[in-house]
Amino acid sequence: MEITEIMLLSLALGMDCLVVSAGKGVLVRQFRIGAFLMAVSFGLFQAFMPCLTYFVGQSVARYVMPWRNIIACVLLIAIGSKTIADGRGAEPSISAGYGITEILLLSVATSIDALSAGVLLWGESNSRVVRAVAVIGLTSFMMSLFGTAIGTIAGKHISINANYVTGALLIALGVWQVI
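Residue numbers (my numbering): 2 to 180.
Here is the structure:
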């Protein structure tokens with residue numbers, strides 16, 4: 002893979018990270034250390050998934066690939082539904098945080114598509130694989146930080162309960178996985 006292909010792939014894979022981070026930024030309304038940890042987790046998972054497919058190969062891909070969109074859909078809809086339920090009858094949640102379980106579930110949900118990227122790396126040298134996954138991980142990390150910044154700014158101007166906005170974004174992203 003050439004660097005242009007890697008960059009385009011990285012941007013495509015990072016879009017889920019950007020959307021989820023923006024939704025979380027709207028909910029939290031402050032840029033906290035948790036936002037940085039979520040971005041790190043997103044970047045690591047986005048880099049790890051292609052490596053998993055590349056090194057483990059078709060044995061994993063054969064079982065996971067047919068279900069990847071459904072798995073992502075279920076995780077995102079479940080997290081989105083919980084976010085909406087948490088906001089019912091509550092004031093806009095300024096004190097919402099970044100729980101480790103939520104970060105890990107979101108990391109898995111946003112990175113499942115990256116399993117497919119490992120197939121594109123088959124036949125490449127190890128140095129090219131390292132370069133590709135580094136670019137994928139770094140791009141996802143930066144897009145997550147950018148999404149959180151956008152969401153944080155937007156969250157300060159949203160007068161409705163941000164749990165509804167964030168939950169709706171996560172559910173929409175989940176539905177998008179199966180369309």
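C-beta: ideal position from N, C-alpha, C; glycine also.
Around the C-beta of Ala86, fewer than 16 other C-beta atoms lie within 10 Å, and the residue is accordingly described as exposed. Between the alpha carbons of Val120 and Ala110 lies a distance of about 19 Å. For Gly35 and Ser112, the gap between their C-alpha atoms comes out near 18 Å.
Taking the C-beta atoms as reference points, Thr84 is found nearer than 8 Å to Gly168.
Counting only runs of 4 or more residues that sit fully inside the region 53–84, the alpha helix (DSSP H) segments are 59–65, in chain order. For Arg89 and Gln31, the gap between their C-alpha atoms comes out near 21 Å. In the DSSP assignment, Gly98 falls outside any alpha helix (DSSP H) and carries neither an H nor an E. When only Cα atoms are considered, Gly156 and Leu28 end up about 6 Å apart. The C-beta distance from Ser141 to Phe43 rounds to 5 Å, short enough to fall under 8 Å. Looking at the backbone, the Cα of Leu171 and that of Cys52 are separated by about 26 Å. Note that the C-beta distance between Ser11 and Ser145 is not below 8 Å. Selection Leu14, Val179, Gly152 evaluated against Phe49 yields Leu14 as nearest (Cα-Cα).
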